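With this note's numbering applied, the sequence shown has no gaps in its numbers, which climb one by one up to 1034 at the end.
Built from N, CA and C at the ideal position, the CB exists for glycine as well.
The model shown is predicted, which means the values in this text are computed figures rather than measured ones.
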Amino acid sequence: MEVNKIYHDDWMNNQLPDKSVQLIIADPPYFEVKGDFDFVWKSFDDYLIDVEKWAIECKRLLADNGTLFWYGDAKNIAYSQIIIDKYFNLLNNLVWENTNNHKQQIRFNPDLRTFAPLTERVLVYEKKGQKTGGELIFEQFLKPQNPFSKYLKIEFQNAKITNREIAQLFPSKNGGLTGCVSNWLNGDNVITEEQYLIIREYLKFEYLKKPYEALRKEYEELRKEYEELRRPFNNERFYGDVIRLPNYETANHDHDTPKPEKLTREFILISSRPNDLILVPFAGSGTECAMAVKENRNFIGFEINEKHANYGNKRTDIIKAQASLFF
């Protein structure tokens, strides 16, 4: 399929291969909240049947180190979460508060008989078995291949020296033995150059002859591979699980439920890398697609409303044209 294009089609008709996308930003109909597309199901149970179909397809398409964002309404997102939890590991249930002035004014309505509805939810998922932060990948990839631990084990064995003897070179503050040696040998921690040289001197320079920087270079190359295997997460602005951002774009794109460019860009920057492929199953006005191009990512979008699909493609074309002016 051609990338950087919104297809006028149901996204379930995609021809994408398994595990081919690194990020999915799904903003599906919320069910009878806003917009004609929200009122096409006979019942909520029918809607949830589709949610499960969508979740299964997302599981097929998402890379092992990918991230899924799933928007929903505060009142019914829990029902979708129960379904999606069967296929993915939940990382966060984000709360997005729309800080538009006109939205915030709702709270001052004296006729309101509930707390003012100012928020929407965004479920954040990773593939099952990945573990948050990449601990599983660390255990399976980086730790067993750590060149420091491999080399230290061989040299300590050749020198016929015990872990306890080495540990005595690095007493703890209270005078006891530390666990540093076992951590080095297990690959949990990396020995420092100062510690390395202390041990080499203790062994009368007959062992640990390999330069520390050579081992360090091996380790950094391995770590680079490891980082590529991990799920991207680069939260430079230190967002918590409640995000307060305005949405001034409601009237700009002739769509009932456009999402803020700022929020979308943050999701993309935090959870993907340049040139990654982003799937947008419900493209709507094309915000996610346009912001993907703006942030040097690729996308494939789907939208069943032809007017919105055409508009979204024009919107992304404008971003592409702007970008070409600087290259």
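Answer with buried or exposed for residue i, where buried requires no fewer than 16 other C-beta atoms within 10 angstroms of its C-beta.
i	result
PRO669	Any property of residue 669 remains undetermined from this structure, which presents the chain solely from 708 to 1034.
ARG814	exposed
GLY836	exposed
PRO854	buried
LEU819	exposed
PHE1034	Because PHE1034 carries a pLDDT of 45, less than 50, the predicted location of this residue cannot be relied on, and no value is offered for it.
GLY886	exposed
PHE877	exposed
PHE822	exposed
PRO981	exposed
GLY947	exposed
ASN1020	buried
ALA990	buried
LEU830	buried
LYS766	buried
MET719	exposed
GLU995	buried
ALA921	exposed
MET998	buried
GLN722	exposed
ALA1016	buried
So residue i and residue j are in contact, right, with Cβ under 8 Å, and what is the actual spacing, rounded?
i	j	result
THR1023	VAL1000	5 Å
VAL888	ALA874	5 Å
ASN954	ASN807	6 Å
ALA866	TYR914	5 Å
VAL1075	LEU984	The requested residue 1075 is not part of the displayed model; the chain covers only 708 to 1034.
PHE1009	ASP717	7 Å
ILE1025	LYS712	With a Cβ gap of about 14 Å, ILE1025 and LYS712 do not count as contacting.
TYR786	GLU827	So it is not a contact: roughly 15 Å between Cβ atoms.
ASN737	ASN783	Correcting the residue type first, residue 737 is Tyr in the shown sequence and not Asn. Rounded, the Cβ-Cβ distance is 7 Å, consistent with contact.
TYR858	LYS810	Incorrect: roughly 60 Å between the Cβ atoms, too far for contact.
VAL710	ASN1005	5 Å
LEU929	LEU952	Contact doesn't hold; Cβ gap of about 38 Å is too wide.
GLU833	ARG938	5 Å
Identify the continuous beta strand (DSSP E) that holds residue i and give its terminal residues.
i	result
GLU833	826 to 834
By DSSP, does residue i sit in helix, in strand, or in coil?
i	result
ALA781	coil
TYR794	coil
ASP1024	helix
GLU764	helix
ALA823	coil
GLY1008	strand
VAL897	coil
TYR1018	helix
VAL710	coil
ILE868	coil
GLU935	helix
LEU769	strand
ASN808	helix
LEU986	strand
PHE877	coil
PHE776	strand
LEU910	coil
For residue i, report the span of its alpha helix (DSSP H) as first-last.
i	result
ILE813	Counting along the chain, ILE813 falls outside any alpha helix (DSSP H), and DSSP gives it neither H nor E.
VAL888	887 to 893
LEU970	968 to 978
LYS917	Here LYS917 belongs to no alpha helix (DSSP H), and DSSP marks it neither H nor E.
GLU995	994 to 1001
Regarding residue i and the ligand HEM, is the C-beta to nearest heavy atom distance less than 7 Å?
i	result
LEU976	The model depicted lacks the ligand HEM and carries no ligand whatsoever.
Which runs of the beta strand (DSSP E) spanning at least 3 residues fall entirely within the region 713 to 761, listed in chain order? 728 to 733
As an exercise, report each continuous alpha helix (DSSP H) stretch of at least 4 residues that is fully enclosed by the region 937 to 965, in chain order. none
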